[in-house]
Amino acid sequence: MATFRIDAAAVGEYVSGIRRAADDLESAARVPRAGELTADAFGAVGRELGVHDAYFRAAEVLRSQLRAGGQALGSSSDALDEVVRKHSDGDDERAEDIRRAGRL
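Using the UniProt record's numbering, read the sequence shown as starting at 1 and increasing by one per residue.
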């Protein structure tokens with residue numbers, strides 16, 4: 001029979017790293033717009049071409065992607081944490097079964 005083992009400590013460290021990355025992405029998405037740029041910031045040609053508006057639309061898309069990435073990583077870390085917890089609980093239950101069997 002094949003044996004499947006999980007190193008709970010190693011996976012736990014990995015989960016912590018994923019959670020930190022998720023938090024970093026979500027923090028980056030919340031960074032306030034530093035010094036609102038005016039339409040003049042890109043000069044007359046930039047103003048005429050609408051560079052200012054395009055810049056802010058692109059920035060919003062990036063913020064949205066940061067939020068989505070943070071949420072995806074957060075979900076992944078939660079799922080891995082659950083796997084480790086279930087696996088660890090199973091080990092504890094099996095150990096108790098073995099102890100009980102030894103007392104019979």
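In this text, a Cβ means the ideal position worked out from N, Cα and C, and glycines have one as well.
Keep in mind that this is a model prediction, so the values were computed, not measured.
>> Taking the alpha carbon of E82 as the reference point, which residue from A10, L66, V15 and D40 has its own alpha carbon closest?
In response: Within the sequence shown, the letter at position 82 stands for residue 82. Of the candidates A10, L66, V15 and D40, the one whose C-alpha sits nearest the C-alpha of E82 is V15.
> Does the stretch 5–20 come close enough to the stretch 55–69 to have 3 or more Cβ pairs within less than 8 Å?
Replying inline: no
> DSSP three-state call for G50: helix, strand or coil?
Replying inline: By one-based count along the sequence shown, residue 50 stands at place 50. In the three-state DSSP reduction, G50 falls in the coil class, being neither helix nor strand.
> How long is the line joining the alpha carbons of V51 and A68, rounded to whole angstroms?
Replying inline: Locating residue 51 in the sequence shown gives position 51, counting from the first residue. Locating residue 68 in the sequence shown gives position 68, counting from the first residue. Going by the C-alpha atoms only, they are around 26 Å apart.
> DSSP three-state call for D7: helix, strand or coil?
Replying inline: Working through the sequence shown from its first residue, we reach residue 7 at position 7. In the structure shown, D7 sits in coil (DSSP, three-state: anything other than H, G, I, E or B).
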